[in-house]
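In the working numbering, the protein residues as written are 18 to 244.
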């Protein structure tokens with residue numbers, strides 16, 4: 018059984034229990050691949066995009082394409098759970114000690130309650146890290162956690178195989194903020210450099226929402242002689 022067959026088997030195993038599913042969608046390579054496979058099996062897929070600042074142009078491009086490409090896909094946008102830590106501690110903003118801290122599972126539970134969908138899908142792979150490898154090896158078919166009703170159909174894939182799938186099927190190229198495999202949108206140099214260079218309007222939106230984050234690239238520019 019090759020990796021695509023394995024992924025389809027995992028998806029179809031869950032499909033036998035429900036015709037609707039949740040996918041946590043990041044505009045990255047794993048979620049781009051996974052939604053292409055899931056959309057062919059489920060009647061409806063709710064994609065959950067977790068934002069740091071809502072309405073960024075480079076993200077909206079992906080979301081509009083996603084909904085046009087797959088008519089059975091709906092997108093829900095939620096504040097990223099990391100924002101609760103950022104706002105509570107006052108990282109790049111005024112602290113609010115009353116904020117209740119959240120984790121990914123809290124966002125998952127919120128979406129399940131709002132949609133009535135019982136199963137959630139994630140793009141995590143064994144190749145991502147030792148922690149994920151150990152976690153996934155403990156699940157049915159190294160992909161399905163029946164207890165929590167969570168599925169990880171790409172568990173056996175490697176990054177190169179994911180990128181090859183995207184290229185071969187002419188899917189949108191993933192957003193890549195930096196060289197690190199796990200680098201997503203957030204308050205880091207790679208992400209902010211990408212936005213300042215390619216989507217300056219989005220960079221300004223982030224600075225307007227979190228004025229103190231401007232220090233990140235200020236320090237970078239000072240250290241690297243950027244004028």
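All C-beta atoms in this analysis are idealised placements derived from N, C-alpha and C, irrespective of residue type, glycine included.
Between residue i and residue j, what straight-line distance do the alpha-carbon atoms span, to the nearest angstrom?
i           : j           : result
residue 128 : residue 213 : 32 Å
residue 164 : residue 157 : 11 Å
residue 110 : residue 203 : 14 Å
residue 1   : residue 209 : The question about residue 1 has no answer, for the chain in this structure spans 18 to 244.
residue 107 : residue 114 : 9 Å
residue 123 : residue 155 : 22 Å
residue 119 : residue 112 : 16 Å
residue 30  : residue 162 : 12 Å
residue 201 : residue 37  : 27 Å
residue 92  : residue 35  : 19 Å
residue 146 : residue 44  : 20 Å
residue 242 : residue 195 : 20 Å
residue 63  : residue 186 : 22 Å
residue 39  : residue 150 : 22 Å
residue 148 : residue 46  : 20 Å
residue 18  : residue 172 : 14 Å
Please tell me whether residue i and residue j are closer than 9 Å, where the distance is taken between their beta carbons.
i           : j           : result
residue 140 : residue 59  : no
residue 137 : residue 181 : no
residue 166 : residue 131 : no
residue 73  : residue 216 : yes
residue 76  : residue 84  : no
residue 192 : residue 79  : yes
residue 206 : residue 237 : yes
residue 49  : residue 188 : yes
Only counting the same chain, and skipping five residues up and downstream in sequence, which positions put a Cβ closer than 6 Å to that of residue i?
i           : result
residue 174 : 20, 142
residue 170 : 24, 27, 28, 160
residue 32  : 58
residue 223 : 70
residue 121 : 98
Can you list, in chain order, the residues of its chain with a C-beta nearer than 8 Å to that of residue i? Leave out the 5 residues immediately preceding and following it.
i           : result
residue 177 : none
residue 244 : 238
residue 220 : 209, 212, 213
residue 144 : 150, 174, 175, 176
Could you name the residues of the same chain whose beta carbon sits closer than 7 Å to that of residue i, not counting the 5 residues immediately before and after it, in chain order?
i           : result
residue 116 : 101, 104, 105
residue 125 : 137
residue 87  : 52, 56
residue 233 : 204, 206, 209
residue 82  : 189
Touch check for the region 47–66 and the region 177–191: three-plus C-beta pairs under 8 Å?
-> yes
Give a yes or no on contact between the region 93–112 and the region 57–72, applying the rule of three or more CB pairs nearer than 8 Å.
-> Counting C-beta pairs closer than 8 Å gives three or more between the region 93–112 and the region 57–72, which meets the contact rule.
Would you be able to state if there are at least three C-beta pairs under 8 Å between the region 98–118 and the region 227–242?
-> Result yes; three or more Cβ-Cβ pairs closer than 8 Å.
Along the chain, which unbroken stretches of the alpha helix (DSSP H) at least 4 residues long are found entirely within the region 147–198?
-> 147–154, 176–185
Please specify which runs of the alpha helix (DSSP H), each continuous and at least 4 residues long, are wholly inside the region 34–93, giving them in chain order.
-> 46–55, 74–86
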